[in-house]
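K.L.:
Dropping the structure in here first, questions after.
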Amino acid sequence: MKSIVKSLVLTPIISLAVPTIGFGQSDEITFHKDIQPILQRSCQNCHRSGGAGPMPLVNYEEVAPFAGLIEYKTGLRDRAGTMPPWYVEKDIGIQDFKADVSLSDEEIAAISTWARNGVPEGDSADAPEPLVFDDSIKWRAGEPDFVVKLAETTKLAGTSDWWGEIESVPTGMTEDRYVKSVEIVEVNDIDTTKAAGTVGGRYIFHHMLWGAGQVDEDGRLARGLEAPWPVHEVGRNADIFDEGAGRLLKADSWIYSDSVHLHANGVDTTGHLEIGFRFHPRDYQPKYRGSFVVTGNSVDISVVPNQDQQELHAYSVLNQHTKIIAFEPHLHAPGERMCLEMIWGHQRETLSCVGYDHNWVRTYQFADHAQPLIPRGAILHITGYMNNTENNLNIPDPRNWQGSGNASTSNMFLDLGLKVSLTETQFLEEMEERRNALNLGRNDHVIGCPLCTVPLVAPSGTED
Numbered sequence: 048m049k050s051i052v053k054s055l056v057l058t059p060i061i062s063l064a065v066p067t068i069g070f071g072q073s074d075e076i077t078f079h080k081d082i083q084p085i086l087q088r089s090c091q092n093c094h095r096s097g098g099a100g101p102m103p104l105v106n107y108e109e110v111a112p113f114a115g116l117i118e119y120k121t122g123l124r125d126r127a128g129t130m131p132p133w134y135v136e137k138d139i140g141i142q143d144f145k146a147d148v149s150l151s152d153e154e155i156a157a158i159s160t161w162a163r164n165g166v167p168e169g170d171s172a173d174a175p176e177p178l179v180f181d182d183s184i185k186w187r188a189g190e191p192d193f194v195v196k197l198a199e200t201t202k203l204a205g206t207s208d209w210w211g212e213i214e215s216v217p218t219g220m221t222e223d224r225y226v227k228s229v230e231i232v233e234v235n236d237i238d239t240t241k242a243a244g245t246v247g248g249r250y251i252f253h254h255m256l257w258g259a260g261q262v263d264e265d266g267r268l269a270r271g272l273e274a275p276w277p278v279h280e281v282g283r284n285a286d287i288f289d290e291g292a293g294r295l296l297k298a299d300s301w302i303y304s305d306s307v308h309l310h311a312n313g314v315d316t317t318g319h320l321e322i323g324f325r326f327h328p329r330d331y332q333p334k335y336r337g338s339f340v341v342t343g344n345s346v347d348i349s350v351v352p353n354q355d356q357q358e359l360h361a362y363s364v365l366n367q368h369t370k371i372i373a374f375e376p377h378l379h380a381p382g383e384r385m386c387l388e389m390i391w392g393h394q395r396e397t398l399s400c401v402g403y404d405h406n407w408v409r410t411y412q413f414a415d416h417a418q419p420l421i422p423r424g425a426i427l428h429i430t431g432y433m434n435n436t437e438n439n440l441n442i443p444d445p446r447n448w449q450g451s452g453n454a455s456t457s458n459m460f461l462d463l464g465l466k467v468s469l470t471e472t473q474f475l476e477e478m479e480e481r482r483n484a485l486n487l488g489r490n491d492h493v494i495g496c497p498l499c500t501v502p503l504v505a506p507s508g509t510e511d
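Going by our numbering, the first residue of the sequence shown is number 48, and it counts up by one from there.
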């Protein structure tokens, strides 16, 4: 019996004194040959001149003084404070994700060996070609087909946080279009040369919940009739919808929000948000319906003082066959970890566990062949782990009890990951495609698809 998704056993970094063979052509770990390629792939997008990282990590002279810090940060792996900020635990659950910037065990070992062996520079001829960054490009998912600019707002330095509603704006759409991806960026008058080395100092919008509605015959904007669009948060990556489940943006629609959180950044700042939409072709028709199951509890949370490993639990019953596109843990300052579990009959299976750092809110998109296919009637269970002690640097004062609320000093507990609903026929087709893609046999097991290797046929007379 073979396991399609295997668990990895993590070895403590201090025991990895000798790197695994495979780095470079000699046994010595050097900067140009072994370390610089890692930094280019997973670090330099932020750690460069003009980037948000606190120091550039491009050439040897810039990197060598921070070798010990880099060893420490990468050695944190999936805990708060790790770099790069990717928190998927590699010893449990699904391991195949899109846009995964995490380091392998081998790469972490190489960094540790290099740092402890005197940071040898090596031969500059071994260096990869330097990366060229274009800071004029602000859209990570590609240039949008359509951009909606929201109203300008000003946040004065030193003022308290503000929550509220902002002015609704017309999209200007003249036809209905299905959206492939959506991305929100903040545009403001901050001097980025003075804000180098910081993330928080570059923005005033902490988050925004928003929707798209239409004006009725009486001139009133219809709100809440459709599912909300993905929330905007500082540092959030673009939301790319399942290829078969594009979201509809209607003609003559308006963008509205009654939940915007502004936070002062130390200087008087005027800015606005821009929403970039990328469309499917005009003749596109979605294959699936969006599933708007949100598992969580943000009503009666109780986090007691001076205690770690406090658990929060929430459950959702799936009324339709469901394909999970992404896992998006949302906690606040005490949040340290979240796990997503599927319960199907007597079977309980952990789909993913990720660490959490409230400074880096991430969405984890499963690779296409790893997206969980969950039968209706199954239960999704999330567990949140809260640390309200002085060891959690995000906590202002661990002596305080914390309840539910929008502020970072109160708590939310949600999985905001994208999902799509499947008909009976689609569910069977998806499982057949998965079996073929992974070459599954009856004795194989694949995490997140409890019926993938079970011989199933559609019940007679079944209607989608």
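Every residue, glycine too, gets a C-beta built ideally from N, C-alpha and C.
Quick caveat, the model's predicted, so the values are computed rather than measured.
Could you tell me the distance, in whole angstroms, from the CA atom of residue 467 to the CA atom of residue 339?
P.N.:
For the purposes of this step, residue 467 is taken as residue 420 along the sequence shown, with counting starting at 1. For the purposes of this step, residue 339 is taken as residue 292 along the sequence shown, with counting starting at 1. Approximately 8 Å, taken between the alpha carbons.
K.L.:
Flag this pair as yes or no: are the beta carbons of residue 450 and residue 300 separated by less than 8 Å?
P.N.:
The sequence position of residue 450 within the sequence shown is 403, counting from 1. The sequence position of residue 300 within the sequence shown is 253, counting from 1. No. Outside cutoff.
K.L.:
Would DSSP call residue 473 helix, strand or coil?
P.N.:
Translated into positions along the sequence shown, residue 473 becomes position 426. Helix at residue 473.
K.L.:
Considering just the uninterrupted stretch of the beta strand (DSSP E) at residue 296, what are its terminal residues?
P.N.:
The residue labelled residue 296 in the question sits at position 249 within the sequence shown. Residues 294-296.
K.L.:
Beta-carbon within less than 7 Å of residue 54's beta-carbon, same chain only, minus the 5 sequence neighbours each way: which residues are those?
P.N.:
Residue numbering aside, residue 54 sits at position 7 when the sequence shown is read from its first letter. The pLDDT assigned to residue 54 is 31, lower than 50, so where the model puts this residue is not dependable; a value taken from the coordinates is nonetheless given after this. Result list for residue 54: 138 and 139, in chain order.
K.L.:
Please determine, among 327, 436, 344 and 358, the residue with the shortest C-alpha to C-alpha distance to residue 222.
P.N.:
As a first step, residue 222 is located in the sequence shown; it is residue number 175 there, counting from the start. The option with the nearest alpha carbon to residue 222 is 327.
K.L.:
Which of the three DSSP states, helix, strand or coil, is assigned to residue 108?
P.N.:
Start at 1 with the first residue of the sequence shown, and residue 108 comes out as number 61. Of the three classes helix, strand and coil, the one that applies to residue 108 here is helix, per DSSP.
K.L.:
Roughly how many angstroms lie between the CA atoms of residue 497 and residue 482, to the nearest whole one?
P.N.:
One-based indexing of the sequence shown puts residue 497 at position 450. One-based indexing of the sequence shown puts residue 482 at position 435. Cα to Cα, residue 497 sits roughly 12 Å from residue 482.
K.L.:
As a quick exercise: from 388, 411 and 419, pick the residue whose alpha carbon is nearest that of residue 427.
P.N.:
Within the sequence shown, numbered from 1, the residue matching residue 427 stands at position 380. Nearest C-alpha to residue 427: 388.
K.L.:
What ranges does the alpha helix (DSSP H) occupy inside the stretch 139-219, keeping only unbroken runs of at least 4 residues that lie completely in it?
P.N.:
152-163, all fully within the stretch 139-219.
K.L.:
Alpha carbon to alpha carbon, how far is residue 415 from residue 163? Give it in angstroms, no decimals.
P.N.:
Reading the sequence shown from its first residue, position 116 is the one you call residue 163. Reading the sequence shown from its first residue, position 368 is the one you call residue 415. Their Cα atoms are separated by approximately 39 Å.
K.L.:
Alpha carbon to alpha carbon, what distance is there between residue 487 and residue 479?
P.N.:
Within the sequence shown, numbered from 1, the residue matching residue 479 stands at position 432. Within the sequence shown, numbered from 1, the residue matching residue 487 stands at position 440. Their Cα atoms are separated by approximately 10 Å.
K.L.:
What does a CB cutoff of less than 6 Å around residue 235 pick up in its chain, not counting 5 residues either side in sequence?
P.N.:
Taking the sequence shown and counting its residues from 1, one reaches residue 235 at position 188. Hits under 6 Å: 316 and 318.
K.L.:
Count the other CB atoms, across all protein chains shown, that sit within 10 Å of the CB of residue 197; report buried if there are 16 or more and exposed otherwise.
P.N.:
Indexing the sequence shown from 1 puts residue 197 at position 150. Buried, because 16 or more other Cβ atoms sit within 10 Å of the Cβ of residue 197.
K.L.:
Give the C-beta separation of residue 97 and residue 182 to the nearest angstrom, bearing in mind that I take them to be a contact with Cβ-Cβ under 8 Å.
P.N.:
For the purposes of this step, residue 97 is taken as the residue at position 50 of the sequence shown. For the purposes of this step, residue 182 is taken as the residue at position 135 of the sequence shown. That pair is a contact at about 5 Å.
K.L.:
With a threshold of 7 Å on Cβ separation, who are the neighbours of residue 72 within its own chain once the five nearest residues in sequence on each side are excluded?
P.N.:
Stepping through the sequence shown from its first residue, residue 72 is reached at position 25. Summary for residue 72: the model assigns pLDDT 47, below 50, so the residue's position carries little reliability; its value from the coordinates is reported in the next sentence. Excluding residues within five positions, none has a Cβ falling inside 7 Å.
K.L.:
Leaving out five residues before and five after residue 308 in sequence, what residues of the same chain have Cβ atoms less than 6 Å from its Cβ?
P.N.:
Start at 1 with the first residue of the sequence shown, and residue 308 comes out as number 261. Cβ within range, chain order: 210, 253 and 254.
K.L.:
What three-state label does DSSP hand residue 367 in the structure shown?
P.N.:
Here residue 367 refers to the residue found at position 320 of the sequence shown. Coil at residue 367, not helix or strand.
K.L.:
Please state whether the Cβ-Cβ distance between residue 433 and residue 377 is less than 8 Å.
P.N.:
As a position in the sequence shown, residue 433 is number 386, starting the count at 1. As a position in the sequence shown, residue 377 is number 330, starting the count at 1. For residue 433 and residue 377, no; Cβs fall outside 8 Å.
K.L.:
Look at the Cβ atom of residue 342, then the Cβ atom of residue 421, and state whether they are nearer than 8 Å.
P.N.:
The residue labelled residue 342 in the question sits at position 295 within the sequence shown. The residue labelled residue 421 in the question sits at position 374 within the sequence shown. Going by C-beta atoms, residue 342 is not nearer than 8 Å to residue 421.
K.L.:
Excluding sequence positions up to five away, which residues of its chain have a Cβ less than 6 Å from the Cβ of residue 374?
P.N.:
Position 327 of the sequence shown, counting from 1, holds the residue named residue 374. Within the same chain, residue 374 has close Cβ partners 387, 399, 411 and 464.
K.L.:
Does the structure place the stretch 361-372 close enough to the stretch 439-446 that three or more beta carbon pairs sit under 8 Å?
P.N.:
Verdict: no, contact absent.
K.L.:
If you count every other CB in all the chains shown that lies within 10 Å of the CB of residue 156, and 16 or more means buried, which is it?
P.N.:
The sequence position of residue 156 within the sequence shown is 109, counting from 1. The residue in question, residue 156, is buried, as its Cβ has 16 or more Cβ neighbours within 10 Å.
K.L.:
Can you list, in chain order, the residues of its chain with a C-beta nearer than 6 Å to that of residue 502? Leave out the 5 residues immediately preceding and following it.
P.N.:
Translated into the one-based positions of the sequence shown, residue 502 becomes position 455. For residue 502, where only same-chain residues beyond five positions count, there are no Cβ hits under 6 Å.
K.L.:
Please state the DSSP three-state secondary structure of residue 120.
P.N.:
What you label residue 120 is simply residue 73 of the sequence shown in a count that begins at 1. Residue state, collapsed to three classes: helix.
K.L.:
Quick check: residue 90 and residue 99, are their CB atoms within less than 8 Å of each other?
P.N.:
To locate residue 90, count along the sequence shown from 1; it is residue 43. To locate residue 99, count along the sequence shown from 1; it is residue 52. No, these two residues do not count as a Cβ contact at 8 Å.
K.L.:
Using the three-state DSSP reduction, which class does residue 415 fall into: helix, strand or coil?
P.N.:
By one-based count along the sequence shown, residue 415 stands at place 368. In this structure, residue 415 counts as helix in the three-state DSSP scheme.
K.L.:
For residue 225, is the classification buried or exposed, using 16 other Cβ atoms within 10 angstroms of its Cβ as the cut-off for buried?
P.N.:
For the purposes of this step, residue 225 is taken as the residue at position 178 of the sequence shown. When all chains shown are included, residue 225 counts as buried.
K.L.:
Taking only the alpha-carbon atoms, compute the straight-line gap between residue 227 and residue 337 and give it to the nearest angstrom.
P.N.:
Position 180 of the sequence shown, counted from the first residue, corresponds to residue 227. Position 290 of the sequence shown, counted from the first residue, corresponds to residue 337. Rounded to the nearest angstrom, the two C-alpha atoms are 13 Å apart.
K.L.:
Exposed or buried, what is residue 160 when buried is set at 16 or more other beta-carbons lying within 10 Å of its beta-carbon?
P.N.:
Along the sequence shown, one-based indexing puts residue 160 at 113. Label assigned to residue 160: buried.
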